[in-house]
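The next block holds one structure in the form of structure tokens; read it before the comments.
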Amino acid sequence: MDMTTNFYSAWIAGFTVCASLIVSIGAQNLYVLRQAVQGEHVKACVALCVLSDGLLVALGVAGMAQMLASYPALAQYLTLGGAAFLLAYGLFALRRMWLAPDAAMEAGERRAAPRGMMSVLAALAAITLLNPHVYLDTVLLMGSIGAQQEGAGRWSYVMGAVSASCLWFVLLAMAGHRLKHLFANPGAWRVMDGITGVMMLCLAWWVASSALGMEI
-3 MDMTTNFYSA WIAGFTVCAS LIVSIGAQNL YVLRQAVQGE HVKACVALCV
47 LSDGLLVALG VAGMAQMLAS YPALAQYLTL GGAAFLLAYG LFALRRMWLA
97 PDAAMEAGER RAAPRGMMSV LAALAAITLL NPHVYLDTVL LMGSIGAQQE
147 GAGRWSYVMG AVSASCLWFV LLAMAGHRLK HLFANPGAWR VMDGITGVMM
197 LCLAWWVASS ALGMEI
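Per the numbering used here, the sequence shown runs over residues -3 to 212.
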């Protein structure tokens, strides 16, 4: 296989693997969608997500994936930590739904209150980097596949993954912008929080069950 063919095949592999993993319902995606609907620092959120994905995949390709794979117990702990993270995120979403003001005017004012960029990005960084399960998907799984590439193909693989991440989060932000008119109704936020909470609790159960070898 010549260098050019190896470069493109590695890029396609990175793009495909990342796209298959990132297009899912998760805390990070829901947070970005929420920010896009609110119109708060959307470009900065997209940039942070893409940068985080690129960094984590690169770390995995560089050897961190092999280190994680050599400690199966650590992988199980990370999985259980991810389940706990999803559980907490789901409960917070349900709490927002439950405590949302009944008066439409009060709810509208609360939702409209702007937040600073650093506050928004700090919350997104916590959701992204403090979720233990992200290290299994992005570092261990994607990193181990990328590490199998030859020579410069490893970094072509990372570029492919970053391309998929960039495309996905841009599309997600555009989708959120188009849904903005729907969430002019404060009641829609309660519905979104409720759906988010239930989905996160279901995901937490599924992740914990898989880690403990339980039959679902």
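All C-beta atoms, glycine included, are put in the ideal place defined by N, C-alpha and C. Note that this is a predicted model, so its numbers are computed, not measured.
Give the DSSP-derived three-state secondary structure of residue i in the structure shown.
i: V116; result: helix
i: R186; result: helix
i: H173; result: helix
i: N181; result: coil
i: A148; result: coil
i: E102; result: Low per-residue confidence applies at E102: pLDDT is 44, beneath 50, and the placement is therefore not dependable, though the value from the model is reported in the following sentence. Of the three classes helix, strand and coil, the one that applies to E102 here is helix, per DSSP.
i: V19; result: coil
i: G56; result: helix
How should residue i be labelled, buried or exposed, when 16 other C-beta atoms within 10 angstroms of its C-beta is the threshold for buried?
i: G78; result: buried
i: W164; result: buried
i: W94; result: exposed
i: S20; result: exposed
i: M170; result: exposed
i: P128; result: buried
i: H173; result: exposed
i: E105; result: Low confidence applies to E105: its pLDDT is 46, below 50, so where it sits in the model is not reliable, and the reading given next is rough at best. Looking at its Cβ environment, which holds fewer than 16 other Cβ atoms inside 10 Å, E105 is exposed.
Quick check on this structure: which residue in the options has the alpha carbon closest to the alpha carbon of residue i?
i: L178; options: L197, L47, Q34; result: Q34
i: G22; options: M195, S206, W202; result: M195
i: V13; options: A160, C198, L199; result: A160
i: A54; options: L208, W151, W202, A184; result: W151
i: L208; options: L76, P182, T134, I18; result: L76
i: V28; options: L167, S206, A148, G183; result: L167
i: M138; options: L51, T0, N2; result: L51
First and last residue of the alpha helix (DSSP H) that includes residue i?
i: T75; result: 68 to 95
i: L126; result: From DSSP, L126 is part of no alpha helix (DSSP H); its letter is neither H nor E.
i: G142; result: 138 to 143
Closest Cβ-Cβ distance between residue i and chain B: below 7 Å?
i: F165; result: Judged by its chain identifiers, the structure shown contains no chain B, having just a single protein chain.
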